[in-house]
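Student:
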Amino acid sequence: MELTVWTYEGPPHIGAMRIAASMEAVHLVLHAPLGDSYADLLFTMIARSAGRPPVSYTGFQARDLGGDTAQLVKTRLAETVERFKPQALLVGEACTAELLQDQPGALAEGMGFDIPVISLELPAFTRKEAWGASETFHQLVRSLLNGRPVPQGAGDPSARAKAEGRRPRANLLGPTALGFRCRDDVIEVTKLLDTLGVDVHLVAPAGATPADLARIPEADFNICLYPEIAHSTCVWLERMFKQPRVRTVPIGVGATRDFVFEVARLAGLDPAPALAQARTRLPWFSRSVDSTYLTGKRVFIFGDATHVMAAARMAREELGFDVVGLGTYSREFARELRALAEDIGVEALITDDYLAVEARVAELHPELVLGTQMERHIAKRLGIPCAVISSPVHVQDFPARYAPQMGFEGANVIFDTWVHPLMMGLEEHLITMFREDVEFNDGEVAAPARAVQSAEVGEPDAAAPGAAAAAKAPGPNDSAPGDPAPSDPAPSDPTPSDPTALRWEPDAEKELRKIPFFVRGKARRNTENFARERGLTEISIDTLYEAKAHFGR
Amino acid sequence: MTAAASGDCAATPEIHHERGERQTFCGLAGIVWLHRKMQDSFFLVVGSRTCAHLMQSAAGVMIFAEPRFGTAVLQDRDLAGLADANDELDRVVRELLARRPDIGSLFLVATCPSEVIKLDLDTAAARLQQAHGERVRILAYSGSGLDTCFTQGEDTCLQALVPLLPELPTLQRSLLIVGSLADVVEDQFTRLFDRLGIGPVHFLPPRRVADLPPVGPGTFLLAAQPFVGETIDALRARGAHLIESPFPLGVEGTRAWLMAAAGAWGVAPELVEEAIAAPAARAEKALARYREQLGGKRISFLPDSQLEIPLGRFLARECGMQIGELGVPYLDRRIMEPELALLPADTQLTEGQDLERQLDRLRADRPDITVCGLGLANPLEAEGLTTKWSIELVFTPIQGFDQAADLAELFARPLNRRQRLAF
Chain A
1 MELTVWTYEG PPHIGAMRIA ASMEAVHLVL HAPLGDSYAD LLFTMIARSA
51 GRPPVSYTGF QARDLGGDTA QLVKTRLAET VERFKPQALL VGEACTAELL
101 QDQPGALAEG MGFDIPVISL ELPAFTRKEA WGASETFHQL VRSLLNGRPV
151 PQGAGDPSAR AKAEGRRPRA NLLGPTALGF RCRDDVIEVT KLLDTLGVDV
201 HLVAPAGATP ADLARIPEAD FNICLYPEIA HSTCVWLERM FKQPRVRTVP
251 IGVGATRDFV FEVARLAGLD PAPALAQART RLPWFSRSVD STYLTGKRVF
301 IFGDATHVMA AARMAREELG FDVVGLGTYS REFARELRAL AEDIGVEALI
351 TDDYLAVEAR VAELHPELVL GTQMERHIAK RLGIPCAVIS SPVHVQDFPA
401 RYAPQMGFEG ANVIFDTWVH PLMMGLEEHL ITMFREDVEF NDGEVAAPAR
451 AVQSAEVGEP DAAAPGAAAA AKAPGPNDSA PGDPAPSDPA PSDPTPSDPT
501 ALRWEPDAEK ELRKIPFFVR GKARRNTENF ARERGLTEIS IDTLYEAKAH
551 FGR
Chain B
554 MTAAASGDCA ATPEIHHERG ERQTFCGLAG IVWLHRKMQD SFFLVVGSRT
604 CAHLMQSAAG VMIFAEPRFG TAVLQDRDLA GLADANDELD RVVRELLARR
654 PDIGSLFLVA TCPSEVIKLD LDTAAARLQQ AHGERVRILA YSGSGLDTCF
704 TQGEDTCLQA LVPLLPELPT LQRSLLIVGS LADVVEDQFT RLFDRLGIGP
754 VHFLPPRRVA DLPPVGPGTF LLAAQPFVGE TIDALRARGA HLIESPFPLG
804 VEGTRAWLMA AAGAWGVAPE LVEEAIAAPA ARAEKALARY REQLGGKRIS
854 FLPDSQLEIP LGRFLARECG MQIGELGVPY LDRRIMEPEL ALLPADTQLT
904 EGQDLERQLD RLRADRPDIT VCGLGLANPL EAEGLTTKWS IELVFTPIQG
954 FDQAADLAEL FARPLNRRQR LAF
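Chains as they are written, first to last, in our numbering: chain A, 1 to 553; chain B, 554 to 976.
(1) Leaving out five residues on either side along the sequence, give the residues of the same chain with a beta carbon under 6 angstroms from the beta carbon of B:E797.
(2) Assuming contact is defined by CB atoms lying nearer than 8 angstroms, are B:E707 and B:S733 in contact in what I supplied?
(3) Compute the Euclidean distance between the alpha carbons of A:A130 and B:F954, then round it to the nearest angstrom.
(4) Taking A:D542 as the query, report the chain B residues whose CB atoms sit under 9 angstroms from its CB, ordered along the chain.
(5) With a threshold of 16 other CB atoms inside 10 Å of the CB of A:H394, please say whether the residue is buried or exposed.
(6) Which value, in whole angstroms, describes the spacing of the CA atoms of A:P210 and A:H27?
(7) Which residues in chain B have a C-beta closer than 9 angstroms to the C-beta of A:E82? List them in chain order.
(8) Looking at A:A219: is its Cβ nearer than 8 angstroms to the Cβ of A:G174?
(9) Short of 7 angstroms in beta carbon distance, which residues of its chain neighbour A:C95, apart from the five on each side in sequence? Order them along the chain.
(10) From A:E238 to A:V150, what distance separates their C-alpha atoms?
(11) Quick check on the burial criterion: 16 or more other C-beta atoms within 10 angstroms. Buried or exposed for A:N146?
(12) Does the Cβ of A:P486 have 16 or more other Cβ atoms within 10 Å, making it buried, or fewer, making it exposed?
(13) List the residues of chain B that A:E546 touches, going by C-beta distances under 7 angstroms, in chain order.
(14) Look at the alpha carbon of A:A348 and the alpha carbon of A:L370, and state the distance between them as a whole number of angstroms.
(15) Which partner residues of B:A625 appear in the DSSP bridge assignment?
(16) Who does B:T940 pair with in a DSSP beta bridge?
(17) Closer than 7 angstroms by beta-carbon distance: list the chain A residues that pair up with B:I522, in chain order.
(18) Assess contact between the segment 649 to 664 of chain B and the segment 591 to 604 of chain B, defined as three or more Cβ pairs (one per stretch) separated by less than 8 angstroms. Is contact present?
(19) Looking at B:L960 and B:G771, is the spacing between their C-beta atoms short of 8 angstroms?
(20) Are the CB atoms of B:A965 and B:L840 within a distance shorter than 8 angstroms?
(21) If you measure between the beta carbons of B:L860 and B:L811, is that distance less than 8 angstroms?
(22) Between the segment 33 to 52 of chain A and chain B, which residues of the former have a C-beta closer than 9 angstroms to a C-beta of the latter?
(23) Could you tell me which of A:L120, A:G132, A:V81 and A:M309 sits nearest to A:G112, measuring between CA atoms?
(24) Between B:T772 and chain A, is the shortest Cβ-Cβ distance under 8 angstroms, so that the two count as touching?
(25) Please decide whether A:Q61 counts as near chain B, where near means a Cβ-Cβ distance under 8 angstroms.
(26) Apart from the five residues just before and just after B:Q712, which ones in its own chain have a Cβ nearer than 6 angstroms to its Cβ?
(27) B:E909 versus chain A: which residues are under 7 angstroms apart at the beta carbon?
(28) Pick helix, strand or coil for A:A356, following the three-state DSSP scheme.
(29) At a cut of 8 angstroms, does the segment 63 to 70 of chain A reach the segment 934 to 949 of chain B through at least three beta carbon pairs?
(30) 8 angstroms is my cut-off, CB to CB: does A:L319 come that close to chain B?
(31) Based on Cα-Cα distance, which residue from B:H794, B:P932 and B:V646 lies nearest to A:M45?
(32) Residues of chain A with a CB under 7 angstroms from the CB of B:F578: which are they?
(33) Roughly how many angstroms separate the alpha carbons of B:A793 and B:A817, rounded to a whole number?
(34) Here's the rule: buried if 16 or more other CB atoms are within 10 angstroms of the residue's CB, otherwise exposed. What is B:R575?
(35) Cβ of B:A839 less than 8 angstroms from any chain A Cβ?
(36) Mark A:W504 as exposed unless 16 or more other C-beta atoms lie within 10 angstroms of its C-beta, in which case mark it buried.
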């Protein structure tokens, strides 16, 4: 048993759901108890997807356990195929169903569907979400490509493209639903490849159908955009279909240039025109004198392995920070991360215990934290600026604007994202110089600085959508101790614009404190206006509620 | 699948029963408000990574460094043998209590996997209570999706508290309000009961587990929430008497609820009318503006929180709304009869769920607003159906006179929004 407060990753079947939800014409049937359907909200609320994830649950309960849960599986399978008519059916089980050993995959295979049925093994008590996603994608690709011939000329992208009289083409593999900024990364990388003279053959799993997956070998090579999802599939495709893979993940100016060179070499193209077209302000912004204050800022980095490794390189080479610590929850890539940490001269933290991450951040007291939503909370508590660089995602990681992480535009986005939480250089100097100024005393300065930081990384604090409800709607203990009330002036302070001092009866004042702080100021103003209009001098509990009834919400 | 509810009062709606795919939380979700309501409590979910992920996704309250709940995640080796699982649980509890000296009451919460491997948490709680003595109270209940859906987790939790309630001395009487209410609502009701001379009034759950209310043959029970049927039964087994009443939603519901209590106490109705005149009048006035916005609009409920019937009753009778299909996870006649009697007789009531078919009916019906869970809200909005999240109705203070208009506003806002937007 392992005590967990918050988790970086869900169970492996959530990974399978991410693959299904990324694709078209695929459906996943999950053998799972009632309640596991909560996972739908990850997609519909965090990513604001307009459609439900293509997942059907058996939703068994205690009364089903006495009977035949296998029959329940078969019913759900039959109904699902009939209703949704998918091109391929994924079948898996969540943790509790795994214990029942109903073998839903075998049941599905025995039902004679005329579509490919992919039975997933998702060991819930040993593996996690990213592994589940990677495994599901891999199994899906394997099963759809099983027995297909290796195309003629495979293995030599340049020659094959020339022989067929076309531009070289690549598959972009790895972008998924709930991935960190995948939506915009795909657009950015597609544009970049186009300037280089490479066509994107297909993107998968995001937006692909099973029929698309069957066309994977038609591309000359694969680009593994998110190794956590697509590494094992790319390695398998390289072995089975002689498709070379591009290893560089183009996050940061340097990595994007390396990526261009790697692709150009593989495809037999000249990288110069693409590099000449690169529009990135990061190198100049970083060299400009205003950025001097960034020099040697101590940063701590934590997240999935891909984004952490990319961030470490950018931090050191492109912003001039000192990386004082880094780590990942992606155990699958622990070796790579340890090697990088050794290279930098720090110790890698490989853990999925966010309390351990918090302890490390507290111990290192960095000046900037680059992490996930978890680290954002850790940093906030410790009063350290923070920027989010990796999953697990939050509704704010799906911005309305175009905000890729990859490619040259991605580097611009990242420069802004990382620098904004920090106090600008000039301000920092002023505060140091004129420390005596009342405006610069700790309380006064800390508040705006933190406001900037949280505005950048995103409010509300909720990491998941349910929280939106929880945050907006006061919970049963909205008057709990520790309830912050920053916008609520002290009861004895009359508002400057209010010459006629209204007296709040102690009970009414107490009642007012029960109103959540973020609307309390408004309630106070409304009640006082209401009382004043009626010539009252004292405000009772009834006045408070009379006013409330008068104004509505 | 249609079963005419035999033996029903002719005036109450016919009930359709459905079984199939469900879209609702399991009882673990109750921890989201219970851990805040009972401030000296800690909820240790004994389950899988899925349980931890559900809590995180449903609660999403990551602002707290260490919330008053956590998950003991079962690993492969815990599945190998129950002896090991029990040892592991003992270790986790020991570590947790060492780390969190503020914990006064620890709830071990059973889950689907813990039940399937037959890890007996009641026995474990008794064993741990012996080991940890007086310092902390250790209890167990089930929030498993095998036994509970969504708000039912509060019922199982409160039920676990019932045996621990102190005995109400004989010849004394008291009023026990059952079901979580926001503190502000509790205070309002306490003032009203005071004015009526009804008391002492206690609440279950209490704000602190250390202050458990007494129960005995002199206890009268008033349900504040429609999902506390098992708890009511357990309290009745200890001699308490249930005061049958609709739930305190809206002016009518709140008046009936207070009247029912007054009746049990022998307080004259005129006295009640006098005491509630001012709050009831301002509630009526505040409601009037929403009646204009909601009147004639059609609403459907997908089964989720158990609040569907009293909400439908309020919206139909006090806001002039028309009810389309009204789905409930389960129909608990022990405490729902007074509500059923008030529901429009032609209400299309469905118990249970067969998700896809229900959605087909919803699409055919196209009500003006649909109450549903978070997983369905955006997809339905994308289909042009206006929605209201059912979870918000559980988290928001909506009971009593002074919240009646707030409750109506929760339904008016999505409609208002749809009207404002130009696209």
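Backbone N, C-alpha and C define an ideal beta-carbon position, used for all residues, glycine too.
Tutor: If we stick to the structure as given:
(1) In the second sequence, residue 797 of chain B corresponds to position 244, counting from 1. The answer, listed in chain order, is P891.
(2) Within the second sequence, numbered from 1, the residue matching residue 707 of chain B stands at position 154. Within the second sequence, numbered from 1, the residue matching residue 733 of chain B stands at position 180. Cβ distance < 8 angstroms, so B:E707 and B:S733 count as in contact.
(3) For the purposes of this step, residue 130 of chain A is identified with residue 130 of the first sequence, where counting begins at 1. For the purposes of this step, residue 954 of chain B is identified with residue 401 of the second sequence, where counting begins at 1. Rounded to the nearest angstrom, the two C-alpha atoms are 49 angstroms apart.
(4) In the first sequence, residue 542 of chain A corresponds to position 542, counting from 1. Within chain B, the C-beta atoms nearer than 9 angstroms to that of A:D542 come from A831, P832 and R835, in chain order.
(5) Counted from its first residue, the first sequence places residue 394 of chain A at position 394. It is buried - the Cβ of A:H394 has at least 16 other Cβ atoms within 10 Å.
(6) Your numbering for residue 210 of chain A matches position 210 in the first sequence. Your numbering for residue 27 of chain A matches position 27 in the first sequence. Whole-angstrom Cα-Cα distance: 11 angstroms.
(7) By one-based count along the first sequence, residue 82 of chain A stands at place 82. Those within 9 angstroms of A:E82 in chain B number zero; the least Cβ separation is about 10 angstroms.
(8) Position 219 of the first sequence, counting from 1, holds the residue named residue 219 of chain A. Position 174 of the first sequence, counting from 1, holds the residue named residue 174 of chain A. Not closer than 8 angstroms, so no.
(9) Your numbering for residue 95 of chain A matches position 95 in the first sequence. A distance below 7 angstroms between beta-carbons, with the five flanking residues on each side excluded, links A:C95 to the following residues of its chain, in chain order: P11, A124 and F125.
(10) Taking the first residue of the first sequence as position 1, residue 238 of chain A is located at position 238. Taking the first residue of the first sequence as position 1, residue 150 of chain A is located at position 150. Near 11 angstroms, if we compare the C-alpha coordinates of A:V150 and A:E238.
(11) Working through the first sequence from its first residue, we reach residue 146 of chain A at position 146. Label assigned to A:N146: exposed.
(12) Translated into the one-based positions of the first sequence, residue 486 of chain A becomes position 486. Residue placement at A:P486 is poorly supported in this model, since its pLDDT is 37, which falls under 50; the coordinates still yield a value, given next. With fewer than 16 other Cβ atoms within 10 Å, it is exposed.
(13) Here residue 546 of chain A is taken as the residue at index 546 of the first sequence, counted from 1. Neighbours of A:E546 on chain B, chain order: R835.
(14) Counting from one through the first sequence, the residue named residue 348 of chain A turns up at place 348. Counting from one through the first sequence, the residue named residue 370 of chain A turns up at place 370. So the alpha carbons of these two residues sit roughly 15 angstroms apart.
(15) For the purposes of this step, residue 625 of chain B is taken as the residue at position 72 of the second sequence. In the DSSP assignment, B:A625 forms a beta bridge with A:L3 and B:V599.
(16) The count along the second sequence starts at 1 and reaches residue 940 of chain B at position 387. B:T940 pairs with B:T923.
(17) An answer regarding residue 522 of chain B cannot be provided, because it is not within the stretch 554 to 976 covered by chain B.
(18) yes
(19) Here residue 771 of chain B refers to the residue found at position 218 when the second sequence is read from its first residue. Here residue 960 of chain B refers to the residue found at position 407 when the second sequence is read from its first residue. No, they are not a contact pair.
(20) Residue 840 of chain B sits at position 287 when you count from the first residue of the second sequence. Residue 965 of chain B sits at position 412 when you count from the first residue of the second sequence. No, the Cβ-Cβ distance between B:L840 and B:A965 is not below 8 angstroms.
(21) Residue 860 of chain B sits at position 307 when you count from the first residue of the second sequence. Residue 811 of chain B sits at position 258 when you count from the first residue of the second sequence. Not closer than 8 angstroms, so no.
(22) P33, L34, G35, D36, S37, Y38, A39, D40, L41, L42, F43, T44, M45, I46, R48, S49, A50, G51 and R52
(23) Numbered from its first residue, the first sequence carries residue 112 of chain A at position 112. Of A:L120, A:G132, A:V81 and A:M309, the residue nearest in Cα terms is A:V81.
(24) Here the question's residue 772 of chain B lines up with position 219 in the second sequence. Chain A, which has no Cβ nearer than 8 angstroms to the Cβ of B:T772, makes this no.
(25) Indexing the first sequence from 1 puts residue 61 of chain A at position 61. Chain B, which has a Cβ nearer than 8 angstroms to the Cβ of A:Q61, makes this yes.
(26) On the second sequence, position 159 is the one that residue 712 of chain B refers to. These residues qualify, in order along the chain: E783, T784 and A787.
(27) Residue numbering aside, residue 909 of chain B sits at position 356 when the second sequence is read from its first letter. R83, listed in chain order.
(28) Counting from one through the first sequence, the residue named residue 356 of chain A turns up at place 356. Helix at A:A356.
(29) no
(30) Reading the first sequence from its first residue, position 319 is the one you call residue 319 of chain A. No, A:L319 does not count as interfacial toward chain B.
(31) Working through the first sequence from its first residue, we reach residue 45 of chain A at position 45. Comparing Cα positions, the closest option is B:P932.
(32) Taking the second sequence and counting its residues from 1, one reaches residue 578 of chain B at position 25. Those are G35 and Y38, listed as they occur along chain A.
(33) The residue labelled residue 793 of chain B in the question sits at position 240 within the second sequence. The residue labelled residue 817 of chain B in the question sits at position 264 within the second sequence. Cα-Cα distance, rounded: 12 angstroms.
(34) In the second sequence, residue 575 of chain B corresponds to position 22, counting from 1. Result: buried.
(35) In the second sequence, residue 839 of chain B corresponds to position 286, counting from 1. It does: the Cβ of B:A839 has a partner Cβ on chain A nearer than 8 angstroms.
(36) For the purposes of this step, residue 504 of chain A is identified with residue 504 of the first sequence, where counting begins at 1. Classification for A:W504: buried.
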